[in-house]
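J.:
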Amino acid sequence: MIIAPKTRGFICTTAHPEGCAANVQAQIDYVKSQPALTDGPKKVLVIGSSTGYGLASRIVPAFGNGAATIGVFFEKPGTERKTGSAGWYNSVAFEAAAKEAGLYAKSFNGDAFSNDMKAEVIETIKADLGEVDCIVYSLASPRRTDPTDGETYKSVLKPIGAPYSQKNLNTDTGEVDSVSIEPCTEEEIAQTVKVMGGEDWELWLNALNEAGVLADGFTTVAYSYIGPELTFPIYTNGTIGKAKEHLEGSAAAMNEKFGAGTAFVSVNKALVTQASSAIPVVPLYISLLYKVMKEAGNHEGCIEQIQRLFTDHLANGGEPTLDEKKRIRIDDWEMQESIQSAVGDAWEKITTENLSELSDFSGYKTEFLKLFGFGLEGVDYEADTDPERLLPSQS
Ligand code: NAD
Numbered sequence: 603m604i605i606a607p608k609t610r611g612f613i614c615t616t617a618h619p620e621g622c623a624a625n626v627q628a629q630i631d632y633v634k635s636q637p638a639l640t641d642g643p644k645k646v647l648v649i650g651s652s653t654g655y656g657l658a659s660r661i662v663p664a665f666g667n668g669a670a671t672i673g674v675f676f677e678k679p680g681t682e683r684k685t686g687s688a689g690w691y692n693s694v695a696f697e698a699a700a701k702e703a704g705l706y707a708k709s710f711n712g713d714a715f716s717n718d719m720k721a722e723v724i725e726t727i728k729a730d731l732g733e734v735d736c737i738v739y740s741l742a743s744p745r746r747t748d749p750t751d752g753e754t755y756k757s758v759l760k761p762i763g764a765p766y767s768q769k770n771l772n773t774d775t776g777e778v779d780s781v782s783i784e785p786c787t788e789e790e791i792a793q794t795v796k797v798m799g800g801e802d803w804e805l806w807l808n809a810l811n812e813a814g815v816l817a818d819g820f821t822t823v824a825y826s827y828i829g830p831e832l833t834f835p836i837y838t839n840g841t842i843g844k845a846k847e848h849l850e851g852s853a854a855a856m857n858e859k860f861g862a863g864t865a866f867v868s869v870n871k872a873l874v875t876q877a878s879s880a881i882p883v884v885p886l887y888i889s890l891l892y893k894v895m896k897e898a899g900n901h902e903g904c905i906e907q908i909q910r911l912f913t914d915h916l917a918n919g920g921e922p923t924l925d926e927k928k929r930i931r932i933d934d935w936e937m938q939e940s941i942q943s944a945v946g947d948a949w950e951k952i953t954t955e956n957l958s959e960l961s962d963f964s965g966y967k968t969e970f971l972k973l974f975g976f977g978l979e980g981v982d983y984e985a986d987t988d989p990e991r992l993l994p995s996q997s
């Protein structure tokens, strides 16, 4: 099959196996080009390991520290006639590269929120690794079925208390228009917290603890975002912000339960991922941010961010540096005064007409397509390719 991108708004319904493999390989190559980690985790469980920040969180300990990794994700395998999802092909490529490097890697495709998935992963840890010493929680999901009551909750991206109007980018047409979003209900806040808060993170850690598979001195980390004031109503002060607040509460509860310095929330940079491209206003902010940070010479992608997370905070014998709310801040470069004021100035001026001059929208589009394995150097997109791929650990 010849596979080309088919985009609809913020989704691409096709993915390219060789392109995704090239994307994964580029991240592996980056990690290998960095100094190896010392004293880092050796047996790592990544929940949400197939794309974005979670994929990078699997690659860094594996290729920077020789760690065994178990990955959990919810992806669509390809069939003879239909392409799989990018996260599926990423995971196939990751496992193949890990196997070639002599590294243990197993992956689980299914619902991380379920009890069955937790039990299955724990059985594998017991059988293969005995224990895990680092658990990265990097899920981004629009819904969650709570295994205790069987109810399905939905997360929404809405402001709280008042409508929100802001400039917005139509990423299909390249038009800068505006968006107005009505405030959420109390019920929508509760549902978003159920999906994107820390409840399931804690359920995972409790299940691992009860099964006796947490190594002495283990650490766990989940990801959050803060960003600039202009997105506060839709992010930090909106429904998703409430869920992230809950995530911080879960970290505090786990530090209480398992000992101080076990659970961390890391605040990461705004980056093009499948999850962030669905948030109103954010793609325009990211396009401006990329331009400013590339010019300043401190632009990072997921892999550079997570390399820095492990190098400066989770490995190399040091303690994580925390802010006043006990969070790791790898969004520090994004939030620098000079970066934010340059983005803020451009935000005031940005229109459809000056979009390509003031922003890095072309970089945004390139990154977006790369998420699905398109536009990578050295990949022959005219060649016939087999969309049906097996995870090496399955075959
Ligand atoms: P992403 O969409 O790239 O990845 C989400 C992952 O979750 C994928 O591996 C997917 O398969 C998995 N997943 C979703 N539902 C699942 C389910 N039911 N069971 C198993 N796996 C499931 O997202 P991302 O942008 O990398 O986000 C990861 C985390 O990082 C989120 O907490 C997000 O809020 C946070 N974060 C993202 C940004 C950003 O700009 N992208 C910035 C800071 C923090």
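In the working numbering, the protein residues as written are 603 to 997.
The beta-carbon is built from N, C-alpha and C at its ideal position, and this holds for glycine as well.
Remember, it's a predicted structure, so these values are computed and weren't measured experimentally.
Does DSSP put ALA699 in a helix, in a strand, or in coil?
T.: Reduced to three states, the DSSP call for ALA699 is helix.
J.: Using the Cα positions of ASP933 and GLU777, report the straight-line distance between them to the nearest angstrom.
T.: Answer to the nearest angstrom: the Cα atoms are 28 Å apart.
J.: Is it buried or exposed for GLU897, if we count other Cβ within 10 angstroms and need 16 for buried?
T.: That one is exposed.
J.: Relative to the ligand NAD, what is the chain-ordered list of residues with a Cβ closer than 5 Å to any of its non-hydrogen atoms?
T.: Here the residues come out as GLY650, SER652, THR653, GLY654, TYR655, GLY656, PHE675, PHE676, GLY689, ASP713, ALA714, SER740, LEU741, ALA742, SER743, TYR825, TYR827, ASN870, ALA872, LEU873, THR875, GLN876, ALA877, SER878.
J.: By Cβ distance below 8 Å, which residues in the same chain neighbour ILE952 in space, the five residues on each side in sequence not counted?
T.: Around ILE952: LYS769, VAL778, LEU886, LEU890, LEU960, SER961.
J.: Specify the secondary structure class of THR841 as computed by DSSP and reduced to three states.
T.: Here THR841 sits in helix by DSSP.
J.: Just the Cα atoms here: how many angstroms apart are PHE675 and TRP806?
T.: Distance between the alpha carbons of PHE675 and TRP806: 14 Å.
J.: My guess is that GLY829 and ALA880 are in contact by the Cβ rule of under 8 Å, so how many angstroms apart are they, rounded?
T.: Actually they are not in contact, since the Cβ atoms of GLY829 and ALA880 sit about 15 Å apart, beyond 8 Å.
J.: Determine the direct distance from the alpha carbon of GLN876 to that of CYS736, and round the result to whole angstroms.
T.: C-alpha separation (whole angstroms): 25 Å.
J.: For CYS786, which three-state DSSP category applies?
T.: If DSSP states are grouped into helix, strand and coil, CYS786 belongs with coil.
J.: Can you find the residues in the same chain that come closer than 6 Å, C-beta to C-beta, to VAL795, ignoring five residues on each side of it along the sequence?
T.: Excluding residues within five positions, the ones whose Cβ falls inside 6 Å are LYS844, ALA845, HIS848.
J.: State whether the region 817-826 contacts the region 726-740, with contact taken as three or more CB pairs (one from each stretch) at a distance under 8 Å.
T.: Touching, yes.
J.: So, under 8 Å CB-CB, THR653 and ASN692 are touching, yes? Tell me the CB distance rounded to an integer number of Å.
T.: 6 Å between Cβ atoms; contact.
J.: Would you kindly work out how many angstroms separate the C-alpha atoms of HIS901 and ILE888, rounded to a whole number?
T.: For HIS901 and ILE888, the distance between alpha carbons rounds to 11 Å.
J.: Can you tell me the Cα-Cα spacing of GLU753 and PRO744, whole angstroms?
T.: Near 14 Å, if we compare the C-alpha coordinates of PRO744 and GLU753.
J.: Could you check the C-alpha separation between GLU702 and PRO643 for me, to the nearest Å?
T.: The straight-line gap from Cα to Cα measures roughly 20 Å.
J.: Thinking C-beta only, is LYS634 closer than 8 Å to PHE665?
T.: Yes, the Cβ-Cβ distance between PHE665 and LYS634 is below 8 Å.
J.: Could you tell me the alpha carbon to alpha carbon distance between ILE661 and LEU973, rounded to whole angstroms?
T.: ILE661 and LEU973: Cα-Cα distance of roughly 16 Å.
J.: Let's see if you can read the secondary structure: which residues bound the alpha helix (DSSP H) around THR726?
T.: Start and end: 717-726.
J.: With DSSP as the reference, please indicate the residues paired to ARG931 in a beta bridge.
T.: VAL869, per the DSSP bridge assignment.
J.: Under 8 Å by Cβ, that's how I've got ILE724 and VAL815 pegged, so tell me the actual separation to the nearest angstrom.
T.: That pair is a contact at about 6 Å.
J.: Between GLY975 and GLY621, is the Cβ-Cβ spacing less than 8 Å?
T.: Yes, the pair counts as a contact, with Cβ atoms nearer than the cut-off.
J.: Grab the span of the beta strand (DSSP E) containing ASP818 for me, first residue to last.
T.: ASP818 -> beta strand (DSSP E) spans 816-826.
J.: Write down every uninterrupted run of the beta strand (DSSP E) in the region 625-706 whose length is 3 residues or greater and which is fully enclosed by it, in chain order.
T.: Complete beta strand (DSSP E) runs here, min 3: 645-649, 670-675.
J.: How would you call ALA617, buried or exposed, if buried means at least 16 neighbouring beta carbons within 10 angstroms?
T.: So ALA617 ends up on the buried side.
J.: Quick check: the Cα distance between SER687 and ILE613, rounded to an integer number of angstroms?
T.: Cα to Cα, the separation comes out at about 11 Å.
J.: For LYS756, does the count of other Cβ atoms within 10 angstroms reach 16, so buried, or fall short, so exposed?
T.: Result: exposed.
J.: Going by beta carbon distance, what residues of the same chain come within less than 6 Å of PHE963, once the five residues before and after it are set aside?
T.: SER889, LEU957, listed in sequence order.
J.: Can you tell me where the beta strand (DSSP E) holding ASN808 begins and where it ends?
T.: Looking at the DSSP string, ASN808 is not in any beta strand (DSSP E); the run it does join, the alpha helix (DSSP H), is 801-812.
J.: So the candidates are ALA628, ASP774, VAL867, GLY689; which of them puts its Cα closest to the Cα of LEU924?
T.: Nearest of ALA628, ASP774, VAL867, GLY689 to LEU924, Cα basis: VAL867.
J.: Let's see if you can read the secondary structure: which residues bound the alpha helix (DSSP H) around LEU891?
T.: That run of the alpha helix (DSSP H) goes 884-898.
J.: Have a look at ALA854 and GLU939 and give me their C-alpha separation to the nearest angstrom.
T.: Going by the C-alpha atoms only, they are around 29 Å apart.
J.: From SER780 to ASN772, what distance separates their C-alpha atoms?
T.: Using only the alpha carbons, I get a separation of about 9 Å.
J.: What residue does the beta strand (DSSP E) around GLN909 start on, and which one ends it?
T.: It is not in any beta strand (DSSP E) - GLN909 instead sits in the alpha helix (DSSP H) that spans 904-911.
J.: How is the beta strand (DSSP E) around LYS940 delimited, first residue to last?
T.: First, the residue type needs correcting, since residue 940 is Ser and not Lys in the sequence shown. No beta strand (DSSP E) contains SER940, which is instead part of the alpha helix (DSSP H) from 939-951.
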